[in-house]
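The next block holds one structure in the form of structure tokens; read it before the comments.
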DNA sequence: TCAACTCGCTAGATCGATCTAGCACACTGC
DNA sequence: GCAGTGTGCTAGATCGATCTAGCGAGTTGA
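Chains as they are written, first to last, in the numbering used here: chain R, 2 to 330; chain L, 2 to 330.
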């Protein structure tokens, strides 16, 4: 059962391959009758376009790579969704893969994608191991998302510093908490440092307020539970916590409830919709992951069309105020 | 800036294209010196393998398509993760896209993927609009996941009926609830019908117990909140609810808490890790979405290798008992 | 009436790999 | 000394599209 090719279609319609090709691409000068006849032959034979072959000739693949940390993290899945949709809008299909913050995986996957080859790549750089340097020799538009690239690739991501300031200000200014903790996030990752810097700067503007501790760790449910346990067992004196993700906030609130600790101020990051349903509902710094994905794809589409966008974009964050920070609402 | 091809490498190393090709594929009879020399030329020139070109010749693309309802749904993102990993294990890259249960989208996306072409496709059939019929003429292994295909494609998914029985039995047998409601899920979808049938059958074994109502709707956070509202406003008399997903259960528990309703039995479906952190923690029928994804990819890899698997596989569900059903635990 | 142009179409090269057939040479066995 | 076998390598066709150059017929303009 051989594949039906343009050659077959052309023979069936009594025209040349070139004419048939013009029909599928809707270009060239052909009479309407000829176009119609070719289309009928396609239907009759059940022709399916072979993009791979076309790509070989045109030197573009219509494929964009997206390398993220972990799709099962709601932040990334929302981002993936936005990315995929915007890419499809521009006529590109998306290949997604997860690095799990492993440098080896990141390199293997990027290599694999480039071999296809992909026309452009968006990626969340693995902590302290940047792809950008390795890919400079490679002529595809690159974009670092979510985390800044040490190798100097253009960046698009949330305004982490601004988000940290929002969280910090709300806790120390609106609620008068004084001893803050930053909980979670991978050690050494840019966004974590930026958010902490924001929290610290916000605290510094109020006498007596400070960031008294920081604990790093992965932000899955299991990781969050470990972090919460660690924080509680540390006997650190604190009255408010900024969590690296909403999921970590859920885990912390769960752990505090279990030991019967009286309410403290807790703020998460991500702005997941589930946060509204939690008890207490979780105040969160929302960064709009889906929109971020959309913008990332659009940035790359622009670059492919010859209009490179800004080399650095920080998307504004805003605070979704609910109960966990201490607001009754 | 032209791409470096095998031709260039061969010329640089003073051998033929065929010899260079043998080096990248690690086949054929070549002396070790020659292999070494070719490898050095590759490094020197910065050669990157062009899979697209190779695929044209070998008639396989190394690409598997995965068409799901919505990646931002935690069930699907976990499944995607398992799928992607297993596919990568077998040397395939995954192309993921979302149908959002729209027949037109489903068809366009499948078409697009087939054009690349993909070597195999796993998909969650859109309710009442199956791809299988349209793809029979197409010689790629097909697998329906999560929902059965009306068109007769092989199926792999959770044992929905069994899961429904588990939930129903626990509510009527262990807890003695009598008036059950099934909440959420798309109208007319196979899994929803199967689960309800399970709940109904379990109730039928206990005098006085029955499924008194069913409400359908999408299972996002917003959809769950609408469903909960609808249920409460309906004035239906019920004492237990089986929810089509954990997220719907969150929304229902949230709504019940807001109106101050005394505790009833609530069980979700999916077994999301977050369910443990919720308050009350959510009892759930777990179906292991990640493993499901893994198995789906393995099924397709098997089919590609000429060993088609079972045409129907129902993966066992189990109950994760927590507080929301009424168990203190 | 003839050059110039447009229209509708085609032949053949091309993208970058793989694969088949086969060639030259060396070695072995009788 | 010659058939037979094995080793190491190459030429050329091939996958299925696109793209360039150009051809014949008809139309237009001077």
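Here a beta-carbon is modelled for each residue, glycine too, at the ideal position from N, C-alpha and C.
Within the same chain, show all residues whose beta-carbon is closer than 8 Å to that of residue i, passing over the 5 residues directly before and after it, in chain order.
i: residue 227/R; result: 218
i: residue 293/L; result: 80, 83, 146, 147, 157, 158, 159 and 316
i: residue 13/L; result: 42, 45 and 46
i: residue 253/L; result: 184, 225, 228, 229, 232, 242, 244 and 267
i: residue 213/L; result: 180, 181, 182, 237, 238 and 239
Run down chain R in chain order and give the residues with a C-beta less than 9 Å from the C-beta of residue i.
i: residue 300/L; result: Those do not exist, as residue 300/L stays about 20 Å from chain R at its closest Cβ, beyond 9 Å.
i: residue 1/L; result: Any question about residue 1/L goes unanswered here, given that chain L covers just 2 to 330.
i: residue 248/L; result: 274, 275 and 278
Residues of chain R with a CB under 7 Å from the CB of residue i: which are they?
i: residue 117/L; result: 52 and 53
i: residue 251/L; result: 275 and 278
i: residue 285/L; result: Those within 7 Å of residue 285/L in chain R number zero; the least Cβ separation is about 13 Å.
i: residue 113/L; result: 94
i: residue 10/L; result: Those do not exist, as residue 10/L stays about 15 Å from chain R at its closest Cβ, beyond 7 Å.
i: residue 243/L; result: Within chain R, no residue comes near residue 243/L; the closest Cβ sits about 18 Å away, beyond 7 Å.
i: residue 322/L; result: Result: empty, since nearest Cβ-Cβ is about 17 Å, beyond 7 Å.
Under the three-state reduction of DSSP, which class applies to residue i: helix, strand or coil?
i: residue 265/R; result: coil
i: residue 251/L; result: helix
i: residue 35/L; result: helix
i: residue 228/R; result: helix
i: residue 4/L; result: coil
i: residue 335/R; result: A question about residue 335/R goes unanswered here, because the residues of chain R that appear run from 2 up to 330.
i: residue 163/L; result: helix
i: residue 44/L; result: helix
i: residue 148/L; result: coil
i: residue 283/L; result: coil
i: residue 15/R; result: coil
i: residue 9/L; result: helix
i: residue 174/R; result: helix
i: residue 257/R; result: helix
i: residue 158/L; result: strand
i: residue 30/L; result: coil
i: residue 322/R; result: coil
Quick one: measure Cβ to Cβ for residue i and residue j, integer angstroms, because I've assumed they're closer than 8 Å.
i: residue 250/R; j: residue 283/R; result: 5 Å
i: residue 204/L; j: residue 211/L; result: 5 Å
i: residue 115/L; j: residue 139/L; result: 6 Å
i: residue 285/L; j: residue 269/L; result: 4 Å
i: residue 171/L; j: residue 320/L; result: 6 Å
i: residue 154/L; j: residue 168/L; result: Contact flag wrong, Cβ pair sits at about 28 Å.
i: residue 70/R; j: residue 125/R; result: 5 Å
i: residue 187/L; j: residue 53/R; result: With a Cβ gap of about 35 Å, residue 187/L and residue 53/R do not count as contacting.
i: residue 86/L; j: residue 314/L; result: Going by Cβ atoms, the distance from residue 86/L to residue 314/L rounds to 19 Å, so no, they are not a contact pair.
i: residue 75/R; j: residue 273/R; result: 5 Å
i: residue 279/L; j: residue 279/R; result: 7 Å
i: residue 275/R; j: residue 288/L; result: The pair is not a contact, with the Cβ atoms about 19 Å apart (cut-off 8 Å).
i: residue 49/L; j: residue 10/L; result: So it is not a contact: roughly 11 Å between Cβ atoms.
Please compile the residues from chain L whose C-beta is within a distance smaller than 9 Å of the C-beta of residue i.
i: residue 96/R; result: 64, 94, 95, 96 and 97
i: residue 82/R; result: 71, 72, 73 and 99
i: residue 216/R; result: Here the premise fails: no neighbours, minimum Cβ distance about 18 Å.
For a contact meaning CB atoms closer than 8 Å, what does residue i contact in chain R?
i: residue 85/L; result: 72, 97, 98 and 99
i: residue 258/L; result: 280
i: residue 56/L; result: 53
i: residue 39/L; result: Correct list: empty, because the minimum Cβ distance to chain R is about 18 Å.
i: residue 288/L; result: Those within 8 Å of residue 288/L in chain R number zero; the least Cβ separation is about 15 Å.
Can you name, in chain order, every residue of its own chain whose Cβ lies under 7 Å from the Cβ of residue i, other than the five neighbours on each side?
i: residue 72/L; result: 78, 81, 97 and 99
i: residue 106/R; result: 100
i: residue 8/R; result: 18
i: residue 104/R; result: 127 and 130
i: residue 56/R; result: 62 and 63
i: residue 198/L; result: 162 and 165
i: residue 297/R; result: 84, 123, 144, 146 and 157
i: residue 301/R; result: 65, 121, 123, 142 and 144
i: residue 110/R; result: 68, 98 and 100
i: residue 191/R; result: 148 and 149
Using a C-beta to C-beta distance shorter than 8 Å, which residues of chain L count as neighbours of residue i?
i: residue 222/R; result: 274, 275, 277 and 278
Using a C-beta to C-beta distance shorter than 7 Å, which residues of chain L count as neighbours of residue i?
i: residue 78/R; result: 72, 73 and 78
Go through its chain and collect everything with a Cβ distance to residue i's Cβ below 6 Å, but skip five positions before and after it.
i: residue 152/L; result: 131, 133 and 134
Report the residue ranges of all alpha helix (DSSP H) runs contained in full by the region 52-128 of chain L; include only those spanning at least 4 residues, in chain order.
52-59, 75-90 and 104-116
Runs of 4 residues minimum, wholly inside the region 287-315 of chain R: which ones carry the alpha helix (DSSP H) assignment?
290-305
Which parts of the region 186-219 of chain R are runs of the alpha helix (DSSP H), unbroken and 4 residues or longer, counting only runs that do not cross its ends?
191-205
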